[in-house]
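So the mapping is simple: the numbering used here equals the position in the sequence shown, first residue as 1, plus 105.
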Amino acid sequence: MIRFLVYLVIAIALYWFATTVQLGKHTLVGHVRAIWHTEEVRDFKDGVKERARPAVDRLERGLHEATGSEHKTAEAPQ
């Protein structure tokens with residue numbers, strides 16, 4: 106029980122730090138948000154989606170075969 110309380114206090118302290126303490130112009134959360142919305146990260150996310158699509162399709166096909174439902178492939182966003 107004490108270990109849980111210690112971890113809870115640490116988690117709350119980290120949350121407080123990440124959302125309130127300024128590190129330059131932004132908080133830690135603000136920096137992560139700013140990085141996440143850069144063009145390079147968008148290109149990275151699109152590349153991951155493109156490369157993962159065949160694996161997702163195989164997984165969906167396997168799930169549909171296992172459950173006996175009809176397989177409908179999702180169209181990739183244009």
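Heads up, the beta-carbon is just placed ideally off N, CA and C, and yes, glycines get one too.
- Going by beta carbons, Thr-124 and Val-114 fall outside the 7 Å limit.
- The three-state secondary structure of Thr-172, taken from DSSP, is helix.
- Rounded to the nearest angstrom, the gap between the Cα atoms of Gly-173 and Arg-158 is 22 Å.
- Secondary structure note for His-136: its alpha helix (DSSP H) is the uninterrupted segment 133 to 141.
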